[in-house]
Amino acid sequence: MQLITAIIQPAKLEDVQAALKDLGVSGMTITQVAGVGRQGGHTETYRGAVVTVGTVPKVRLEVLAADGDVDRIINGIVAAARTGHIGDGKIWVVPATHVVRVSTGEQGIEAIRS
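In structure tokens, the structure reads:
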């Protein structure tokens, strides 16, 4: 099993969720985050003053997947999240060595199946 983590633009969240649903992904964790990459920060106007904000709002999406599903899920996220501009995000994958569904006690791959 693998943990797929994607950082995407907030405006693309609904598109990514729909793409994942079409791929049969039923579970994911979504977190509002802020970060900075090559695009740098941004400026905002607050009470008439221009303020430079060093971070940009993003969404962190996490999906547990079977090893054989990882590439398909990544391709779905990329297709749905890509705008072609700097700041579209990043995806990384790390091994999930032990997973337990708390409500049933199921472990391993059975813990992530619907």
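Here the sequence shown is numbered in my numbering, starting from -6 and rising by one per residue. Idealized CB from N, CA, C, for every residue including glycine. Since the model is a prediction, treat every value here as computed from it, not as a measurement.
- Looking only at its own chain, which residues have a Cβ that is under 8 Å from the Cβ of GLN100, when we skip the five neighbours before and after it? HIS91, VAL92, VAL93 and ARG94
- Message: Assuming ILE66 is part of the alpha helix (DSSP H), what are its boundary residues?
- Response: 63 to 74
- Closest Cα partner of HIS78 within the set THR48, ALA42, ARG31 and GLN25: ARG31
- Message: Let's see if you can read the secondary structure: which residues bound the alpha helix (DSSP H) around GLN2?
- Response: It is not in any alpha helix (DSSP H) - GLN2 carries neither H nor E in the DSSP assignment.
- Query: Between ILE105 and VAL52, which are expected to be in contact by the criterion C-beta below 8 Å, what is the C-beta distance as a whole number of angstroms?
  - Reply: At roughly 21 Å, the Cβ-Cβ gap does not stay under 8 Å, so ILE105 and VAL52 are not in contact.
- Item | Inter-residue CB distance, ALA12 and GLY69 (contact presumed, cutoff 8 Å) | 4 Å
- Query: Based on the DSSP output, what are the partners of ALA28 in its beta bridges?
  - Reply: It is worth fixing the name first, because residue 28 is Gly in this sequence and not Ala. The partner list for GLY28 (beta bridge, DSSP) reads VAL49.
- Query: Between the Cα of LEU54 and the Cα atoms of ILE102, ASP60 and GLU7, which residue gives the shortest distance?
  - Reply: GLU7
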